[in-house]
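K.L.:
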């Protein structure tokens with residue numbers, strides 16, 4: 158397996174992966190909207206794909222700009238692997254490579270709304286333990302944050318990219 162940055166040639170495939178991995182096309186459409194918003198606003202975006210041994214793209218992960226209070230951070234969402242390639246370590250490899258790419262880009266914090274049994278292995282902790290809150294009504298243990306540069310996590314309300322459609 159190879160993890161690499163997404164290219165324009167991957168966009169249709171990434172859309173299909175997200176459609177296949179989730180119950181609706183919502184995540185696939187969100188990825189497209191986040192790409193457009195980041196380009197329009199000149200904001201950072203980390204978008205990686207996973208290729209299998211045959212060179213087929215079978216997974217994708219996206220990190221887009223968010224804020225924790227006034228502090229810039231990145232939001233991990235979504236991450237998708239084709240159904241026939243799930244449970245083979247591709248998602249874990251995407252998360253590890255993505256967090257490294259985010260840190261290499263000079264970002265310090267990443268938020269994720271995800272499975273509380275999955276993401277802590279990558280350094281994510283319950284956000285509320287750091288005074289970080291989410292404008293959504295979600296289970297406390299599912300909202301997490303990671304300090305990818307080792308800095309203390311700032312407190313504040315998470316403000317997502319407009320494409321998420323979430324008012325802070």
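Numbering (our numbering), first residue to last: 158 to 325. Using N, Cα and C, we set each Cβ at its ideal position, and we do this for glycine too.
1) So, do the region 265–277 and the region 204–215 have three or more beta carbon pairs nearer to each other than 8 angstroms?
2) As an exercise, report each continuous beta strand (DSSP E) stretch of at least 3 residues that is fully enclosed by the region 202–260, in chain order.
3) If you drop the 5 nearest sequence neighbours on each side, which residues of the same chain put their C-beta closer than 7 angstroms to that of residue 295?
4) How many Å lie between residue 166 and residue 315 at the Cα?
5) Go ahead and pull the three-state DSSP assignment for residue 169.
6) List the residues that DSSP assigns as beta-bridge partners of residue 270.
7) For residue 264, does the count of other Cβ atoms within 10 angstroms reach 16, so buried, or fall short, so exposed?
8) What separation, rounded to the nearest whole angstrom, lies between the Cα atoms of residue 177 and residue 170?
9) Measuring only the C-alpha atoms, how far is residue 272 from residue 248?
10) State the DSSP-derived secondary structure class of residue 323, mapped to helix, strand or coil.
P.N.:
A quick look at the data gives this:
1) no
2) 202–208, 214–225, 228–238
3) Here residue 295 is taken as the residue at index 138 of the chain shown, counted from 1. Contacts found: 270.
4) Your numbering for residue 166 matches position 9 in the chain shown. Your numbering for residue 315 matches position 158 in the chain shown. Cα to Cα, residue 166 sits roughly 32 angstroms from residue 315.
5) Indexing the chain shown from 1 puts residue 169 at position 12. Helix, per DSSP.
6) As a position in the chain shown, residue 270 is number 113, starting the count at 1. Note: residue 270 sits in a beta bridge opposite 300.
7) To locate residue 264, count along the chain shown from 1; it is residue 107. Label assigned to residue 264: buried.
8) To locate residue 177, count along the chain shown from 1; it is residue 20. To locate residue 170, count along the chain shown from 1; it is residue 13. CA-CA distance, residue 177 to residue 170, rounds to 10 angstroms.
9) In the chain shown, counting from the first residue as 1, residue 272 sits at position 115. In the chain shown, counting from the first residue as 1, residue 248 sits at position 91. Near 13 angstroms, if we compare the C-alpha coordinates of residue 248 and residue 272.
10) Along the chain shown, read from residue 1 onward, the residue named residue 323 stands at position 166. For residue 323, the secondary structure class from DSSP, reduced to helix, strand or coil, is coil.
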